[in-house]
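Here UniProt numbering is used: position 25 in the sequence shown is 25, and no number is missing along the way. The C-beta atom is built at its ideal place from N, Cα and C for all residues, glycine as well. Keep in mind the model is a prediction, meaning the values are calculated, not measured. Contents: one structure, followed by commentary.
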Amino acid sequence: PATGDDAATILPNTTATLTPETVPGSGDIVSAVFDNGETSKTVPGEGVWSIELVDGQPVATFTPEKDYTGPVTSQSYTVTDANELTASGTLEVAITAPPAAEPASETINPNTTATLRPETTPGNSPLTSVTFDNGETSTTVPGEGVWSIELVDGEVVATFTPEKDYTGPVTEQSYTVTDENGLTATSTLNVDINTPPATGDDAATILPNTTATLTPETVPGSGDIVSAVFDNGETSKTVPGEGVWSIELVDGQPVATFTPEKDYTGPVTSQSYTVTDANELTASGTLEVAITAPPAAEPASETINPNTTATLRPETTPGNSPLTSVTFDNGETSTTVPGEGVWSIELVDGEVVATFTPEKDYTGPVTEQSYTVTDENGLTATSTLNVDITTPVVPTTPPATDTPEPTPSEPATPAPSSPSTTSSVPTTVATPGQGSDDTSSAAGLASTGAGTGVLLGALFAAAAVLGGLLVRRRASRTE
């Protein structure tokens, strides 16, 4: 038999098929193999070959590894006929490498033209064209400027001419190069126009007695930023009654601080600041600080009767965030005072509710309790709770006095006189038809005893006299 060489060129990630012309001899061709004696062969790092007979003709294929675009090792093959006669040939495959394109960027001053020369690498064939993504060699961006692109000695050259006095951002452009094989590569072009620096506002929220640090985002323009000052032209500023501001550049960026006066929690006056670059171009922004106000807690007290529960609702005012917990000074929501009773405390709909239940029949003093509320910022406020238990009033009665009523046949007996206190009540009582001889003196009658007042003695004496008067009247009637 007689057979020849064959070659193919393929694109990356495609399979080459080779069909070398073969003429049988006196016998039919019965096999085709590579130089390893097999119908397949793998070349590490390149790909896989295979060969077979199709209608008596050798057909070989080569499948490259994924994205492989390097050289491919040529392969020898041999056909054999029925008479065991052979013929050999060579197979070759070339993978067409695409071109490569890199991005490019340029910075210009206003009213000048940027020229960009992006690096491009041809593949297996020269570049033939370059265009923007609109398929043309020029494109206009309204409000920005005009782009153009061309091949100069096989190299890409692009230009951008901004509109007069334009200093804003420039829209990125994509470009595509194409080679003789129709393979392409795409990349981007960017232009920056020198502008004044740009700076923004910044704000911070701090706890009382801490320092706020603000770092407003600042973008330099065509020159480095060289200074930052407040609207007084200085790097520090004191606001009476509020605190002290300062500003400086750290690695080209403004860093401002505000230190409030001790325990100050009121509003903080916002401050304007200005950054200046090497070209004396400026930008300004505003700095704001809010101080988180702590909660406030008020004392509460309650008076109860024995064997009842006191409920106290002390007034609390949240700061800049809601209350999250309330505890006694033991860090718990309940506390027991031996011999007095049990306290408990909780938040109900954001309000503090405390209770005190005294021990049975306890009427003594109740120990004051401290409570602390905490908000979401971890700020706290503390106050006190007091309960008074009303002491019952025990009614008092004067001592009972037994005064025997004299019988009709006996004269009234005057109350004995106290040795320590004497009250004489001279009394003459005359009944009708009797003279002065029938008078009876009640002088010297007195009634007072240990612990009894003069008034009580007088009352007892008067009662004795009245008793005697009744006896005399009864006697008179009897006679």
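Which of helix, strand or coil DSSP assigns to residue i
i: Ser-418; result: In this predicted model, Ser-418 has a pLDDT of only 41, less than 50, meaning its place in the structure is not dependable enough to derive any value.
i: Pro-358; result: strand
i: Ser-174; result: strand
i: Asp-202; result: strand
i: Leu-379; result: coil
i: Pro-295; result: coil
i: residue 504; result: One cannot answer for residue 504 here, as it falls past the ends of the chain, which runs 1 to 479.
i: Ala-212; result: strand
i: Pro-64; result: strand
i: Ala-2; result: strand
i: Ala-97; result: coil
i: Ser-26; result: coil
i: Glu-46; result: coil
i: Thr-218; result: strand
i: Leu-312; result: strand
i: Val-268; result: coil
i: Leu-11; result: coil
i: Val-146; result: strand
i: Leu-287; result: strand
i: Glu-351; result: strand
i: Thr-112; result: coil
i: Leu-207; result: coil
i: Pro-260; result: strand
i: residue 481; result: Shown here, the chain extends from 1 to 479; a query on residue 481 therefore has no answer.
i: Thr-121; result: strand
i: Thr-167; result: coil
i: Val-366; result: coil
i: Thr-282; result: strand
Rounded Cβ spacing between residue i and residue j (contact assumed at less than 8 Å)
i: Thr-107; j: Asn-194; result: 7 Å
i: Phe-160; j: Gly-145; result: 6 Å
i: Val-79; j: Pro-1; result: 6 Å
i: Thr-311; j: Val-352; result: Not confirmed; about 11 Å, so no contact.
i: Ser-88; j: Thr-3; result: 7 Å
i: Val-157; j: Glu-150; result: 6 Å
i: Asn-377; j: Leu-207; result: 6 Å
i: Glu-286; j: Ala-212; result: For clarity, residue 286 is Thr in the given sequence; the question names Glu instead. 14 Å between Cβ atoms; not a contact.
i: Ser-202; j: Pro-216; result: Note on residue identity: the sequence assigns Asp, not Ser, to residue 202. So it is a contact: roughly 4 Å between Cβ atoms.
i: Ala-32; j: Tyr-77; result: 6 Å
i: Gly-366; j: Glu-332; result: First, the amino acid is wrong: residue 366 is Val here, not Gly. So it is not a contact: roughly 18 Å between Cβ atoms.
Same chain, Cβ closer than 6 Å to residue i, neighbours up to 5 away in sequence not counted
i: Asp-388; result: Thr-303
i: Gly-451; result: Annotation note: pLDDT 38 at Gly-451 (below 50); position unreliable, coordinate value reported separately. Result list for Gly-451: empty, nothing under 6 Å.
i: Glu-21; result: Gly-4
i: Asn-190; result: Ser-105, Glu-172
i: Asn-181; result: Thr-96, Ser-125
i: residue 497; result: For the chain, the structure presents residues 1 to 479; residue 497 sits outside this window and is missing.
i: Ser-40; result: Ser-50
i: Asp-329; result: Ser-370
Neighbourhood of residue i by C-beta distance below 8 Å, restricted to the same chain and skipping five residues each side
i: Asp-179; result: Pro-98, Pro-99, Pro-122, Gly-123, Asn-124, Ser-125, Pro-126, Leu-127, Thr-128
i: Ser-236; result: Phe-230, Val-244, Trp-245, Ser-246, Ile-247
i: Asp-81; result: Pro-1, Pro-24, Gly-25, Ser-26, Gly-27, Asp-28, Ile-29, Val-30
i: Glu-368; result: Thr-384, Leu-385, Asn-386
i: Ala-296; result: Thr-316, Thr-317, Gly-319, Ala-381
i: Gly-336; result: Residue identity check: residue 336 is Thr in the sequence provided, not Gly. Contacts found: Val-342, Trp-343.
i: Ser-284; result: Thr-199, Ser-272, Tyr-273, Thr-274, Val-275
i: Ser-138; result: Phe-132, Val-146, Trp-147, Ser-148, Ile-149
Per DSSP, cross-strand counterpart(s) of residue i
i: Asn-181; result: DSSP lists no partner for Asn-181.
i: Leu-189; result: Ala-104, Gln-173
i: Asn-386; result: Ser-301
i: Thr-90; result: Ser-76
i: Ala-82; result: For Ala-82, which the question treats as bridged, DSSP gives no partner whatsoever.
i: Gly-252; result: None; Gly-252 has no bridge partner.
i: Val-152; result: Glu-155
i: Glu-242; result: None, per the DSSP bridge assignment.
i: Pro-58; result: Leu-53
i: Thr-317; result: Ala-296
i: residue 483; result: Absent from the structure is residue 483, since the part of the chain shown begins at 1 and ends at 479.
Unbroken beta strand (DSSP E) run spanning residue i, endpoints
i: Ser-40; result: 40-43
i: Glu-106; result: 104-108
i: Ser-272; result: 271-277
i: Lys-237; result: 236-239
i: Glu-346; result: 341-348
i: Ser-334; result: 334-337
i: Pro-162; result: 155-162
i: Pro-126; result: First-last for Pro-126: undefined, no H or E at that position.
i: Ser-227; result: 225-230
i: Thr-195; result: Neither: Thr-195 is in no beta strand (DSSP E) and is coded neither H nor E.
i: Val-141; result: 138-141
i: Thr-17; result: 16-18
i: Thr-327; result: 323-328
Own chain, CB closer than 7 Å to residue i, minus 5 neighbours either side, in chain order
i: Ser-74; result: Thr-90, Leu-91, Glu-92
i: Thr-42; result: Val-48
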